[in-house]
Each structure stands twice: as structure tokens, then as C-alpha cells.
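Peer 1: Structure incoming, see below.
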Amino acid sequence: MNGQMMQLPLLISSLIVHAERHHGGAEVVSRRVEGDIHRTTYREIASRSRRMAKALAALGVKTSDRIATLAWNGYRHLELYYAVSGSGAVLHTVNPRLHPDQVVYIADHAEDQVLFFDLSFLPLIQAIAGRTKTIRHFVAMTDRAHMPADAKIPNLLCYEELVESQDDRYEWPLLDENLASSLCYTSGTTGNPKGVLYSHRSTLLHTFAIALPDSLNCSASDSILPVVPMFHVNAWGLPYAACMTGAKLVFPGAGLDGKSLYELFESEKVTVSAGVPTVWQGLLGYVEQNGLKFSTMRRTVIGGSACPPAMLRKFGDEYDVHVLHAWGMTEMSPVGTVASFKAGQKDLPPDERYAVMAKQGRAVYGVDMKIVGGDGKELPWGGAESGDLHVRGPWIVSEYFKGEGGDPLAYVDGQGWFPTGDVARIDSDGFMLITDRSKDVIKSGGEWIGSIDLENIAMAHPAVAMAACIAAFHPKWDERPLLVVMKKPGAEVTKEQLLAFYEGKIAKWWTPDDVVFVDAIPLGATGKMQKNKLREMLKDYKLPTA
Numbered sequence: 004m005n006g007q008m009m010q011l012p013l014l015i016s017s018l019i020v021h022a023e024r025h026h027g028g029a030e031v032v033s034r035r036v037e038g039d040i041h042r043t044t045y046r047e048i049a050s051r052s053r054r055m056a057k058a059l060a061a062l063g064v065k066t067s068d069r070i071a072t073l074a075w076n077g078y079r080h081l082e083l084y085y086a087v088s089g090s091g092a093v094l095h096t097v098n099p100r101l102h103p104d105q106v107v108y109i110a111d112h113a114e115d116q117v118l119f120f121d122l123s124f125l126p127l128i129q130a131i132a133g134r135t136k137t138i139r140h141f142v143a144m145t146d147r148a149h150m151p152a153d154a155k156i157p158n159l160l161c162y163e164e165l166v167e168s169q170d171d172r173y174e175w176p177l178l179d180e181n182l183a184s185s186l187c188y189t190s191g192t193t194g195n196p197k198g199v200l201y202s203h204r205s206t207l208l209h210t211f212a213i214a215l216p217d218s219l220n221c222s223a224s225d226s227i228l229p230v231v232p233m234f235h236v237n238a239w240g241l242p243y244a245a246c247m248t249g250a251k252l253v254f255p256g257a258g259l260d261g262k263s264l265y266e267l268f269e270s271e272k273v274t275v276s277a278g279v280p281t282v283w284q285g286l287l288g289y290v291e292q293n294g295l296k297f298s299t300m301r302r303t304v305i306g307g308s309a310c311p312p313a314m315l316r317k318f319g320d321e322y323d324v325h326v327l328h329a330w331g332m333t334e335m336s337p338v339g340t341v342a343s344f345k346a347g348q349k350d351l352p353p354d355e356r357y358a359v360m361a362k363q364g365r366a367v368y369g370v371d372m373k374i375v376g377g378d379g380k381e382l383p384w385g386g387a388e389s390g391d392l393h394v395r396g397p398w399i400v401s402e403y404f405k406g407e408g409g410d411p412l413a414y415v416d417g418q419g420w421f422p423t424g425d426v427a428r429i430d431s432d433g434f435m436l437i438t439d440r441s442k443d444v445i446k447s448g449g450e451w452i453g454s455i456d457l458e459n460i461a462m463a464h465p466a467v468a469m470a471a472c473i474a475a476f477h478p479k480w481d482e483r484p485l486l487v488v489m490k491k492p493g494a495e496v497t498k499e500q501l502l503a504f505y506e507g508k509i510a511k512w513w514t515p516d517d518v519v520f521v522d523a524i525p526l527g528a529t530g531k532m533q534k535n536k537l538r539e540m541l542k543d544y545k546l547p548t549a
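When we follow the working numbering, the leftmost residue of the sequence shown carries the number 4, and every step to the right adds one.
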């Protein structure tokens with residue numbers, strides 16, 4: 004006997020319908036590339052999204068056509084989140100920090116039909132416009148007054164003219180919830196990026212999960228500023244969660260420096276933000292140098308790469324901002340774990356409390372995880388042993404777009420698990436701690452050394468701005484840790500001082516054999532350290548011999 008409940012599909016359009024109907028007056032504030040601060044509401048976003056959906060249909064866009072964006076976080080980008088997916092097409096957010104050749108490859112592989120772009124990316128569009136195979140129209144996300152003169156881009160359209168060409172009398176189609184809704188390409192793989200194709204169902208389930216109190220804890224009383232870009236795994240789902248809960252949204256546009264972010268935090272009474280550690284370094288540096296405090300921001304979500312414990316403490320002890328350490332992947336939509344306290348953990352002594360927060364956290368409902376040893380068997384939780392981290396769930400990839408990369412799943416006992424490429428351990432409370440990426444593990448004399456632990460200790464030194472630890476060849480031990488350090492401006496520290504800083508904090512044999520000082524550590528398109536480039540740069544480096 005089946006239940007007797009209504010069968011309504013889980014669709015992305017339902018989020019903007021809900022926001023318009025129940026939170027229509029909630030604000031959406033954007034710093035625009037035109038230079039001003041723009042204010043609108045969910046009611047207006049919903050109306051303009053419907054008009055854009057009609058404009059796309061007039062351009063000949065059909066169900067499952069891929070529509071690309073090269074854009075910052077802003078209200079027009081939010082309108083496209085709903086206009087494209089809600090009408091049955093697939094929103095393909097492209098990372099504008101990629102090389103033009105990569106953008107061309109991704110656009111061709113996705114078979115994009117239309118590409119929307121912010122004006123700051125005009126040079127990139129000019130570099131690719133004559134090279135892509137399937138794009139029929141380029142759309143500048145601005146009004147007629149700011150359209151570029153003599154852009155030399157074929158079939159260039161104006162965003163605001165497209166919106167104004169239609170009225171908002173449009174009914175969102177009733178789609179199959181398993182229909183593809185959006186497409187993101189991975190940034191951390193070798194070779195060409197691989198596409199991860201989300202569905203309406205997977206996106207809605209992910210949105211429910213991240214809005215939960217023990218997840219990102221989104222509420223109608225919040226003012227949310229996603230620093231994480233909307234082109235990076237859909238800003239971790241926050242543009243969807245904000246509409247689901249009715250939270251105010253604040254978009255920083257291209258202003259990601261400490262001063263610009265701080266001004267928006269204060270003027271728009273931001274309560275929650277989210278981003279990668281490199282962004283917060285700039286913000287904390289600005290706040291510290293100018294003797295400032297946060298008047299309303301009380302929690303921030305940090306992910307993308309491990310948050311240094313020193314950053315956790317600085318946010319908490321000096322600025323009364325609680326850090327939610329989170330972990331996920333493009334292949335996971337992306338959120339998998341969040342380090343939210345269980346009963347009693349909030350009252351632990353500070354050192355123990357911060358030790359919990361430094362972990363990547365426990366699985367949100369919908370995600371299952373396990374660690375696997377070299378023999379392929381699951382390792383127990385609560386031990387000191389690390390293993391390969393595997394995950395599964397309804398918003399985790401089952402295969403890559405167009406079958407690239409073969410079958411990504413590892414089948415154990417007839418069940419498909421996604422191998423994340425991370426090495427981790429899980430404690431008895433279910434909190435997961437990533438100890439390394441499998442490709443970054445340092446294996447010294449057959450024993451693993453976790454590079455993240457060594458980086459976190461270095462980052463706690465007051466003279467260190469950024470640190471990476473890589474494996475260097477050793478004639479006896481095969482590999483030994485080499486610390487690569489970028490110092491803070493005007494700060495001084497010697498190799499001997501840094502190595503002495505490790506004393507008593509780790510097993511002595513884990514201590515790096517040497518330190519290399521660099522002017523900059525290469526960062527990828529999403530703000531993560533590119534250790535592969537460091538390894539290539541230092542491939543012939545000779546460690547000092549005793």
C-alpha cells in the first residue's frame with residue numbers, strides 16, 4: 004500500500020517561487036562591476052528571472068541546452084540561476100580564472116549555446132569568441148549605457164535589453180526532477196577538467212541539507228554574504244539556501260579584498276559568510292591592521308582547503324566569530340561534512356573545543372562516508388589509522404559528463420562509493436579529519452607524514468603568511484618533507500627558527516628537513532595551493548645531508 008501524499012517534483016524553480024511568495028521583500032544587495040551598490044528584492048529577482056526565461060526561449064534555447072556564465076557574485080547571476088535551470092536548460096558556471104584555452108575546451112565539451120559574462124571579463128571573451136564551436140550568442144551582463152563599444156564579438160547581446168524585451172507572464176514548467184539542472188567542471192584533476200552534472204532533485208536535497216541547524220544553519224533572520232564564487236560549485240549552494248529560508252543575500256562582485264569585504268559586512272549587517280582560507284587571510288589582515296571589529300558577523304563557513312587552527316583561534320578569540328569548518332567537493336554538490344558541535348562539546352576547555360573545530364566535521368544527513376585501508380577493507384572509526392576516504396549519497400556524482408574518466412566509483416560488496424582522493428581518519432563521534440590528499444602524502448621510510456599538519460603548524464608562526472609542505476627526494480628515506488614558506492610583508496624568520504617552532508608539537512621524525520622561502524605560493528582558480536606546481540618547480544631540489 005502506497006502513501007497518499009501529493010507527488011510534486013523537487014525543482015529549482017520552486018525555490019524562487021517560495022522566496023517571492025513568502026519572502027518577497029527580503030533584500031538582495033550587490034556590488035556591481037559598474038561600480039555602484041545595487042539593491043533589489045526576491046520579488047523583483049523572481050519577476051526578472053521569468054522574463055529572462057522567456058528571452059532564452061526566444062533565442063531558441065531548448066530543454067537541456069547548456070547556457071554558460073562567466074560572472075562574479077551578483078543579482079544578475081542569481082537571476083540566471085533560476086531563469087536557466089527553472090526553464091529546463093542547464094546552467095554551466097565557468098571559472099573565469101582559467102586559462103583561455105581551458106575555457107574554450109570546457110565550452111566546447113559542454114556544447115554551450117549562449118554565454119553570459121560580466122564586463123570585467125571582456126578581454127577573456129574577446130580571446131575565446133572566435134574559437135568556440137557551439138556558442139551562438141554572447142550576452143554582456145549590463146545595460147545599454149555600459150555596453151562595450153567596438154567589442155568585436157559576434158552576436159553580442161545586452162542583458163538588460165533581453166530582460167526588457169519580455170513581460171513576466173511565464174509559468175515555470177513542470178519538469179522531471181531528475182532532469183539535469185546545472186553543470187560544473189572539476190578544477191583539481193589531472194588532464195582536462197571533468198564535468199559534474201547536477202539534477203533538480205540532487206540540488207534540492209543538497210539545499211535542504213545545508214540549511215539544517217547542524218549544517219550551515221541558514222535562517223530568514225540572516226544576512227548571508229557568499230565570498231565563495233557562484234562559479235565555484237554554485238557558491239556551495241548558498242544562493243539556493245537563501246531563497247529556501249528567506250535570508251538576505253549580499254553579493255561582493257569583484258570586490259574580494261579585505262577593505263571591500265569589511266565595508267559590505269558592516270553596511271549590510273552581514274551575519275554569515277563563506278569562503279576559502281586565502282580570502283579570510285586578506286580580510287583578517289585588513290581588520291587587524293586597522294584595529295577593527297565585526298559588529299554583526301558571528302559565524303563563517305571555511306572550506307575549499309583545510310582551515311589553519313591559528314585562523315580558527317583568531318576568528319574566535321579576537322573577533323567573536325565562530326568558524327564552521329566544512330568539507331566537500333565539486334563531485335558532492337559540494338557539502339559533505341560540517342564541524343558542528345555535538346551535545347557538551349561547546350563547553351569543552353578551549354584547546355579541546357578548537358581541536359574539534361579543526362576537524363572537517365561530521366557528515367550531514369544524505370552523505371555516508373568511510374575510510375578504507377590499502378587492502379580495500381573498511382577501517383574502524385576512533386583509531387589513529389588514516390585511510391582513503393569514500394563517500395556516497397543522493398547528491399554525489401555517479402559518473403562524469405559524457406563518460407569522461409571512466410567509472411569514478413569504487414565498488415565494494417556490490418555498492419558504489421566515490422573515492423574522494425583524500426586521506427582521512429574518523430573519530431568515535433563521527434568527526435572526520437583530512438590528513439592529506441592521496442597525491443600529496445609524504446611517505447618517509449614507508450611511513451606516512453601528513454603535510455596538512457606540518458602546514459598548519461607553520462601557519463601558526465606570526466611571520467608566516469602561507470605555507471605548503473611537499474615531498475622531496477631522499478636517498479635513504481625515499482621522501483622527506485620540504486617546507487615552502489611565504490613570509491608576511493615586513494616579517495623576518497629564519498629556517499632555523501621555523502624548524503625550532505615544530506619542537507614538541509609533532510613526532511621529531513616528522514619535522515621538515517629544510518625550508519624554502521618564496522615570494523608567492525601558486526594558487527589555483529578556486530584559491531587552493533597548487534602543490535603540483537611547487538613539486539615541478541622544486542623537482543631538482545637537493546635536501547641538505549646530515
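A virtual CB, placed ideally from N, CA and C, is assigned to each residue, including glycine.
If Y368 sits next to A212, beta carbons under 8 Å apart, how far is it from one beta carbon to the other, in whole angstroms?
Peer 2: At roughly 6 Å, the Cβ-Cβ gap stays under 8 Å, so Y368 and A212 are in contact.
Peer 1: Taking only runs that begin and end inside the segment 478 to 523, name each unbroken beta strand (DSSP E) of 3 or more residues, in chain order.
Peer 2: Whole beta strand (DSSP E) segments, 3+ residues: 481 to 490, 517 to 520.
Peer 1: Is the segment 178 to 191 touching the segment 202 to 222 in the sense that three or more CB pairs, one from each, lie closer than 8 Å?
Peer 2: Touching, per the Cβ criterion.
Peer 1: Mind checking who W330 pairs with in its DSSP beta bridge?
Peer 2: Answer is T340, bridged to W330.
Peer 1: Thinking L267 and V273 are a contact (beta carbons under 8 Å), I'd like their distance in whole angstroms, please.
Peer 2: Indeed they touch by this definition, with Cβ atoms about 7 Å apart.
Peer 1: Should the segment 65 to 76 be regarded as contacting the segment 229 to 236, the criterion being three or more beta carbon pairs within less than 8 Å?
Peer 2: Yes, they touch.
Peer 1: For the alpha helix (DSSP H) containing K446, list its first residue and its last residue.
Peer 2: Careful: K446 lies outside any alpha helix (DSSP H), inside the beta strand (DSSP E) at 445 to 447.
Peer 1: Got a sec? Which residues, its chain only, sit under 7 Å from A58 by beta carbon, not counting five neighbours each side?
Peer 2: Same-chain partners within the cutoff: L165, V166, S168, Q169.
Peer 1: Can the beta-carbon of F124 be found less than 8 Å from the beta-carbon of P157?
Peer 2: Contact flag unset, no.
Peer 1: Quick check on DSSP: helix, strand or coil for P216?
Peer 2: In this structure, P216 counts as coil in the three-state DSSP scheme.
Peer 1: Hey, V304 and A329 are a contact pair by Cβ (cut 8 Å); roughly how many whole angstroms apart?
Peer 2: Right, their Cβ atoms sit about 5 Å apart.
Peer 1: For D552, which residues in the same chain have their Cβ closer than 6 Å to its Cβ, ignoring the five residues on either side in sequence?
Peer 2: Nothing about residue 552 can be reported from this structure: the residues present for the chain run from 4 to 549 only.
Peer 1: Leaving out five residues before and five after E1 in sequence, what residues of the same chain have Cβ atoms less than 7 Å from its Cβ?
Peer 2: Residue coverage of the chain in this structure runs from 4 to 549, which leaves residue 1 outside it and unanswerable.
Peer 1: Since R34 is in the beta strand (DSSP E), which residue starts that stretch and which ends it?
Peer 2: It spans 30 to 34 - the beta strand (DSSP E) in which R34 sits, taken as one unbroken run.
Peer 1: Check this for me: beta carbons of G306 and G331, under 8 Å apart or not?
Peer 2: Yes, the pair counts as a contact, with Cβ atoms nearer than the cut-off.
Peer 1: If we ignore side chains and look at the alpha-carbon of each, how far apart do E23 and L252 end up?
Peer 2: In a straight line, the C-alpha of E23 is about 14 Å away from that of L252.
Peer 1: The beta strand (DSSP E) spanning H95 covers which residue range?
Peer 2: That run of the beta strand (DSSP E) goes 93 to 96.
Peer 1: Evaluate D410 with the Cβ neighbour count: other Cβ atoms within 10 Å of its Cβ, from every protein chain shown; 16 or more gives buried, anything less gives exposed.
Peer 2: D410 should be labelled exposed.
Peer 1: What does DSSP give as the partner residue(s) for T72 in the beta ladder?
Peer 2: Paired residue(s): T96, F119.
Peer 1: Could you check what DSSP says for F2 in three-state terms: helix, strand or coil?
Peer 2: Beyond the ends of the chain as shown, which are 4 and 549, falls residue 2; an answer cannot be given.
Peer 1: Can G2 and G285 be called in contact, C-beta distance under 8 Å?
Peer 2: Nothing about residue 2 can be reported from this structure: the residues present for the chain run from 4 to 549 only.
Peer 1: On a Cα-Cα basis, can you pick out the residue from A468, P311, C161, H95 that is closest to S67?
Peer 2: Ranking A468, P311, C161, H95 by Cα distance to S67 puts H95 first.
Peer 1: If we ignore side chains and look at the alpha-carbon of each, how far apart do D153 and Q129 end up?
Peer 2: Cα to Cα, the separation comes out at about 11 Å.
Peer 1: Closest to G249 by CA distance: which of G6, H25, F318 is it?
Peer 2: Answer by Cα proximity: H25.
Peer 1: Using 10 angstroms around the beta-carbon of D354, count the other beta-carbons present and answer buried if the total reaches 16, otherwise exposed.
Peer 2: So D354 counts as exposed.
Peer 1: Within 10 Å of its beta-carbon, does R79 have 16 or more other beta-carbons around it, so buried, or fewer, so exposed?
Peer 2: Counting Cβ neighbours within 10 Å, R79 comes out buried, since at least 16 surround it.
Peer 1: Tell me which same chain residues have a C-beta within less than 6 Å of the C-beta of K498, skipping the five on either side of it?
Peer 2: Result list for K498: V518, in chain order.
Peer 1: Taking the straight line between their C-alpha atoms, what separation do you get for P196 and G376?
Peer 2: Distance between the alpha carbons of P196 and G376: 28 Å.
Peer 1: In the structure shown, what three-state DSSP assignment does G278 receive?
Peer 2: Of the three classes helix, strand and coil, the one that applies to G278 here is strand, per DSSP.
Peer 1: Taking Cβ positions, are A461 and A475 nearer each other than 8 Å?
Peer 2: For A461 and A475, no; Cβs fall outside 8 Å.
Peer 1: For F211, name the three-state secondary structure that DSSP assigns.
Peer 2: In the structure shown, F211 sits in a helix (DSSP, three-state: H, G or I).
Peer 1: Is P126 helix, strand or coil by DSSP?
Peer 2: It is helical.
Peer 1: How long is the line joining the alpha carbons of R302 and P216, rounded to whole angstroms?
Peer 2: Spanning the two alpha carbons is a distance of roughly 13 Å.
Peer 1: Helix or strand or just coil, what does DSSP make of H203?
Peer 2: Correct three-state label for H203: helix.
Peer 1: Assess contact between the segment 386 to 401 and the segment 416 to 426, defined as three or more Cβ pairs (one per stretch) separated by less than 8 Å. Is contact present?
Peer 2: Flag = yes, the segment 386 to 401 and the segment 416 to 426 touch.
Peer 1: Identify the residues that DSSP records as bridge partners of A426: which are they?
Peer 2: First, the residue type needs correcting, since residue 426 is Val and not Ala in the sequence shown. D391, D439, per the DSSP bridge assignment.
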